[in-house]
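This report concerns only the one structure given below.
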Amino acid sequence: MPGRSVSHTSPCMTPIPDRTPFAPRPSDRPIRLERISWKADPMPLNRFGYGLRLVLAALLLPALLGPLPAQSDLAGSERRSALAPDISVAGDLVFSWSDEEGRAAGADGFDLRAVEVGLYGSLDSRFDYTSVIHFSSEEVELEEAYIDARDWLPGRMTLRGGRFNLDFGMQNRIHDHDLLTIERPSVLQEYLGGSLRGTGLELQWWSPLSDDSVIRISAALVEGVEGDSHAVLGPAAGHEHGEDEDEEERPVRDFDDFSINLRAVASVDFADESTLQLGGSYLLAPENVFGLDEDDERELDRGVAGLDLTYTRLDESTRRGIFLQGEWLIGDRDFGELDDNGTPGDDLDDSFLVTNARSQGYHALAEWRASRDWAFGVSGSSYEHAEDSDEDSWDLGAHVTWNASETHQLRLGIRKYADLAQEEEGVETTSDFVAVQLQWTMVFGRHVHGVDW
Amino acid sequence: MTGSKTKGDLRPSIRRRSLLGGAFGLAVALSFGLPAEVAHARERVEVVCTIPDLAHLAKEIGGDAVRVTALTSGNEDFHAVRPRPRLLVALSRAELLLTVGLDLEHSWLPPLLQSASNEAIQPGRPGHVDVSSGIEALEVPCESEARAGGHLHMKGNPHYNLSPSRMRIASANVLGGLLAVRPESRSMFEERHRDFCRRLDAKIEEWTLRMAPARGAALIEDHKTWAYFADEFDLRIVGEIEPKPGADPSPRQLARLIELSVREEVRWVVCRPELEILARKITRGSEARVLALDAASRRDEKGGYIGFIDRIVEAFVGSAGT
Chain A
64 MPGRSVSHTS PCMTPIPDRT PFAPRPSDRP IRLERISWKA DPMPLNRFGY GLRLVLAALL
124 LPALLGPLPA QSDLAGSERR SALAPDISVA GDLVFSWSDE EGRAAGADGF DLRAVEVGLY
184 GSLDSRFDYT SVIHFSSEEV ELEEAYIDAR DWLPGRMTLR GGRFNLDFGM QNRIHDHDLL
244 TIERPSVLQE YLGGSLRGTG LELQWWSPLS DDSVIRISAA LVEGVEGDSH AVLGPAAGHE
304 HGEDEDEEER PVRDFDDFSI NLRAVASVDF ADESTLQLGG SYLLAPENVF GLDEDDEREL
364 DRGVAGLDLT YTRLDESTRR GIFLQGEWLI GDRDFGELDD NGTPGDDLDD SFLVTNARSQ
424 GYHALAEWRA SRDWAFGVSG SSYEHAEDSD EDSWDLGAHV TWNASETHQL RLGIRKYADL
484 AQEEEGVETT SDFVAVQLQW TMVFGRHVHG VDW
Chain B
214 MTGSKTKGDL RPSIRRRSLL GGAFGLAVAL SFGLPAEVAH ARERVEVVCT IPDLAHLAKE
274 IGGDAVRVTA LTSGNEDFHA VRPRPRLLVA LSRAELLLTV GLDLEHSWLP PLLQSASNEA
334 IQPGRPGHVD VSSGIEALEV PCESEARAGG HLHMKGNPHY NLSPSRMRIA SANVLGGLLA
394 VRPESRSMFE ERHRDFCRRL DAKIEEWTLR MAPARGAALI EDHKTWAYFA DEFDLRIVGE
454 IEPKPGADPS PRQLARLIEL SVREEVRWVV CRPELEILAR KITRGSEARV LALDAASRRD
514 EKGGYIGFID RIVEAFVGSA GT
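The listed protein sequences correspond, in order, to chains A and B.
Note that our numbering has the first sequence beginning at 64, numbered continuously upward.
Note that our numbering has the second sequence beginning at 214, numbered continuously upward.
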């Protein structure tokens with residue numbers, strides 16, 4: 064089926080080039096959000112200089128914090144020294160194949176999606192640090208760098224500070240190479256821009272409800288929220304992460320401009336094999352923009368709410384079981400547009416219009432784990448477009464995963480995309496195609512996961 | 214749905230403040246107010262063990278003074294336990310944590326400990342006991358082996374629970390842990406420990422006698438697991454089914470194992486129950502018997518740890534006709 068080109072421009076309004084709530088923004092809309100991005104920098108040297116400074120900062124942070132507190136209470140401790148962190152390296156190579164329309168959408172051969180280096184360690188008995196540096200063919204990015212302060216606050220509270228993936232839904236904290244599908248669900252790409260990340264503080268708390276169930280709540284106050292996508296295919300494909308090209312022109316920030324992310328989740332074990340989990344998430348991320356001029360500051364709200372349900376049944380002796388997951392999202396976003404009221408070149412009669420768009424979508428995944436080595440799954444997304452609920456898209460696919468060894472995994476997937484919308488320089492196109500993808504992931508070194516909240 | 218908003222609209226600010234305040238207030242209130250927090254009177258020592266074998270030792274020594282929870286049921290892959298709520302709850306309430314150590318639990322226990330927020334059982338605290346202390350590890354990889362990859366245990370083979378004489382050492386570490394958290398029960402714990410050691414010593418003599426005819430016999434294992442058992446009863450391990458940890462053998466590797474089984478006069482191919490079909494292929498053309506055995510006791514093992522070794526020895530002796 065040939066691609067259909069759909070323009071969202073109108074004669075009297077400036078275009079709305081960014082589709083996803085947390086996707087890159089155009090340069091003519093100064094905003095306050097700070098981003099770590101080098102794509103907009105015309106000087107590659109400077110770009111790498113900035114990247115290298117961040118990478119070095121992540122590597123040297125533990126050293127700079129030394130000398131460490133005396134650890135007399137840790138005689139014989141298994142904790143690693145802050146200067147000898149555990150290191151992991153993960154590689155993610157994807158080959159995509161499709162017809163002409165699919166190739167135009169990104170399914171055009173090999174893509175070294177990421178090489179990710181993780182550093183993990185303890186500063187002392189109460190502080191752990193994590194740094195994750197992402198290398199791709201186009202950039203070096205400090206994905207996450209944070210410290211967890213535990214056993215420090217009352218109750219079972221933990222404070223996380225730094226740059227981290229927000230606690231939103233079940234998949235937002237999972238890095239791409241650890242996903243159960245080759246691509247992050249399209250609805251998450253559409254509404255979150257991939258995975259949400261920000262810089263700030265997050266308070267986490269959990270408590271037992273019984274011997275087999277727990278409740279957990281987290282609240283984060285962050286700035287610089289961005290959707291980070293390494294997707295090869297999907298609504299956010301091609302948007303490595305959000306760019307802010309005019310940071311120096313942003314309006315002054317006040318307390319209310321920070322983003323708030325909330326999540327509550329209840330998790331129940333049924334015997335040794337089964338766990339059911341219900342979670343709800345909400346993100347409110349304001350965006351300050353200039354309206355008609357620099358004296359005209361406007362606040363645009365962007366919000367996403369999600370409800371997720373996950374069921375896991377796994378026989379740990381045979382590694383056989385099933386995994387079911389579904390998530391429903393509602394996006395609510397203000398859009399600001401400059402209206403020249405039909406008089407091109409005359410700024411005096413311009414006005415700044417704020418409109419609100421609400422949309423919803425969902426994704427679902429079912430996977431059968433046939434053995435410790437093999438898993439078979441189906442998954443799909445259906446969603447209204449974030450900026451226009453009259454437009455919608457869906458995709459449906461199947462995958463098979465082979466864990467070739469403890470360090471290597473191969474995954475073959477096939478997916479039908481219907482009305483997949485992508486944009487190029489402000490012009491949106493939609494396409495229908497079937498893509499076949501082969502993913503090879505390698506993980507070396509320490510790579511542990513805690514409770515999947 | 215569309216709508217519009219003016220510059221002076223204060224709705225978003227109020228909404229954010231309310232949300233933030235509400236969330237913080239709820240978290241603080243729940244932190245100090247949930248009944249679950251106060252419902253656990255600590256009359257008995259809350260002991261949490263990573264595998265059932267350690268739980269059996271803790272029960273033997275602690276008796277009615279302890280409440281023992283095993284985080285695993287005994288038939289899992291101990292390298293890949295799924296972190297889940299009940300494990301977290303158990304760890305959060307524990308006064309004493311007994312671990313196998315030697316990196317057996319390194320992929321799943323540390324993040325659980327981190328989430329559990331229970332300072333009493335963090336590494337280095339008296340409530341955190343690495344039971345491998347004092348046990349000389351076997352199969353510690355040399356540098357070249359370490360470079361070969363796989364999930365090698367750099368500190369050595371962690372499956373010492375299959376050696377009863379080493380578990381005697383482990384029982385002393387369990388006793389030490391209990392004394393550290395409940396010193397007022399010293400005499401009771403020590404008396405029960407002496408009694409357990411007496412019974413274990415007698416059984417070690419019996420098991421050694423029963424296994425004596427098999428001395429020097431060869432076996433193939435699925436995964437580097439049975440070294441301590443072989444060392445205890447003077448058996449020879451001549452190969453592993455998995456060419457690398459977690460990987461099934463290729464047809465060529467399988468052919469080599471079949472040839473090895475014949476050449477070395479392998480008496481047993483020992484494997485986890487889920488690999489029994491694969492193990493049977495190796496015994497083609499040889500006298501070897503397949504022993505599908507878990508490498509740890511079950512939570513509900515009849516006779517506890519001693520009953521478990523009884524079952525293992527009986528499996529070896531019975532299948533070999535010795």
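We put the beta carbon where it would ideally sit given N, CA and C, even for glycine.
From a predicted model like this one, the values you see are computed outputs, not experimental measurements.
Cβ separation of residue i and residue j, assumed to be a contact under 8 angstroms, to the nearest whole Å
| i | j | result |
| --- | --- | --- |
| Val-367 (chain A) | Leu-346 (chain A) | 5 angstroms |
| Val-479 (chain B) | Ala-492 (chain B) | At roughly 11 angstroms, the Cβ-Cβ gap does not stay under 8 angstroms, so Val-479 (chain B) and Ala-492 (chain B) are not in contact. |
| Glu-352 (chain B) | Lys-457 (chain B) | The pair is not a contact, with the Cβ atoms about 15 angstroms apart (cut-off 8 angstroms). |
| Pro-371 (chain B) | Val-313 (chain B) | 5 angstroms |
| Thr-221 (chain A) | Gln-267 (chain A) | 5 angstroms |
Residues near residue i by beta carbon distance below 7 angstroms, same chain, minus five either side
| i | result |
| --- | --- |
| Leu-301 (chain B) | Leu-325, Ser-328, Ala-329 |
| Ile-11 (chain A) | Chain A is shown only over 64 to 516; residue 11 (chain A) falls outside these bounds and no answer can be derived. |
| Leu-488 (chain B) | Asp-435, Ile-454 |
| Ala-271 (chain B) | Val-260, Cys-262, Val-279, Val-281, Leu-311, Val-387 |
| Thr-77 (chain A) | Low local confidence applies: a pLDDT of 33 at Thr-77 (chain A) is under 50, so the model's placement there is unreliable, and no value is given. |
| Leu-498 (chain B) | According to the sequence displayed, residue 498 (chain B) carries Gly and not Leu. So the list reads Ile-471, Val-475, once near-sequence residues are dropped. |
| Ala-294 (chain A) | Glu-246, Arg-247, Gln-252, Gly-257, Ala-300 |
Sheet register partners of residue i (DSSP bridge)
| i | result |
| --- | --- |
| Asn-228 (chain A) | A:Arg-260 |
| Gln-234 (chain A) | Looking at the DSSP assignment, Gln-234 (chain A) forms no beta bridge with any residue, so it has no partner. |
| Asp-436 (chain A) | Paired residue(s): none; Asp-436 (chain A) is not in a bridge. |
| Ala-279 (chain B) | Ala is not the amino acid found at residue 279 (chain B); the sequence shown has Val there. In the DSSP output, where bridge partners are listed per residue, Val-279 (chain B) has B:Val-258. |
| Gly-399 (chain A) | A:Val-417 |
| His-426 (chain A) | A:Glu-390, A:Ser-444 |
| Met-505 (chain A) | A:Gly-154, A:His-471 |
| Phe-496 (chain A) | A:Tyr-480 |
| Thr-381 (chain A) | Thr-381 (chain A) is not bridged to any residue. |
| Asp-316 (chain B) | Paired residue(s): none; Asp-316 (chain B) is not in a bridge. |
| Glu-362 (chain A) | A:Asn-351 |
| Tyr-345 (chain A) | A:Leu-325, A:Ala-368 |
| Tyr-374 (chain A) | A:Leu-339, A:Leu-387 |
| Cys-484 (chain B) | B:Ala-505 |
| Trp-535 (chain A) | In the structure displayed, chain A extends from 64 to 516; residue 535 (chain A) sits before or after that span and is not available. |
| Tyr-441 (chain B) | Its beta-bridge partners do not exist; DSSP assigns none. |
| Ile-210 (chain A) | A:Tyr-192, A:Gly-224 |
| Ala-461 (chain A) | A:Val-441, A:Ile-477 |
| Ile-433 (chain B) | B:Gly-452, B:Val-482 |
Contacting residues, own chain, Cβ-Cβ under 6 angstroms from residue i (five flanking each side not counted)
| i | result |
| --- | --- |
| Val-277 (chain A) | Trp-269, Pro-271, Ser-330 |
| Leu-122 (chain A) | Interpretation of Leu-122 (chain A) is limited by its pLDDT of 47, a score under 50 that renders its predicted location unreliable; no figure is taken from the coordinates. |
| Leu-387 (chain A) | Tyr-374, Ala-429 |
| Leu-264 (chain A) | Gly-224, Leu-284 |
| Trp-391 (chain A) | Leu-370, Tyr-425 |
Residue burial classification, residue i (beta-carbon count within 10 angstroms, cutoff 16)
| i | result |
| --- | --- |
| Lys-515 (chain B) | exposed |
| Trp-431 (chain A) | exposed |
| Ser-434 (chain A) | exposed |
| Asn-404 (chain A) | exposed |
| Gly-172 (chain A) | exposed |
| Arg-407 (chain B) | exposed |
| Phe-291 (chain B) | buried |
| Ala-334 (chain A) | exposed |
| Glu-306 (chain A) | Reliability fails at Glu-306 (chain A), whose pLDDT of 45 lies under 50, so the model's placement of it is uncertain and no value is given. |
| Leu-375 (chain B) | buried |
| Ser-400 (chain B) | exposed |
| Met-367 (chain B) | exposed |
| Glu-273 (chain B) | buried |
| Ile-150 (chain A) | exposed |
Beta-carbon proximity list for residue i, same chain, < 8 angstroms, skipping 5 on both sides
| i | result |
| --- | --- |
| Glu-332 (chain B) | Arg-338 |
| Leu-506 (chain B) | Val-483, Cys-484, Arg-485, Pro-486, Ile-525, Ala-528 |
| Val-497 (chain A) | Ser-161, Asp-162, Gly-165, Ile-477, Arg-478, Lys-479, Tyr-480 |
| Asp-413 (chain A) | Leu-355, Leu-401, Asp-402, Asp-403, Asn-404 |
message: Give me the subset of the segment 337-362 of chain A whose CB atoms are less than 7 angstroms from a CB atom of chain B, sorted by chain position.
response: For the segment 337-362 of chain A, the set of residues with a beta-carbon nearer than 7 angstroms to any beta-carbon of chain B comprises Thr-338, Leu-347, Pro-349, Arg-361, Glu-362, in chain order.
task: Report the residues of the segment 289-319 of chain B with a CB closer than 7 angstroms to any CB of chain A, ordered along the chain.
output: Correct list: Glu-289, Asp-290, Val-294, Arg-295, Pro-296, Arg-297, Pro-298, Arg-299, Leu-301, Val-302, Ser-305.
message: Closer than 9 angstroms between beta carbons: that is the criterion. Which residues of the segment 225-257 of chain A meet it against chain B?
response: Using a CB distance below 9 angstroms, no part of the segment 225-257 of chain A faces chain B.
query: Taking any Cβ of chain B, which residues in the segment 379-404 of chain A have a Cβ under 8 angstroms from it, in chain order?
result: Residues passing the 8 angstroms Cβ filter: Glu-379, Ser-380, Thr-381, Arg-382, Asp-397.
task: With 8 angstroms as the C-beta to C-beta threshold (strictly closer), list the residues of the segment 499-519 of chain B near chain A in chain order.
output: The segment 499-519 of chain B vs chain A, Cβ under 8 angstroms: Asp-507.
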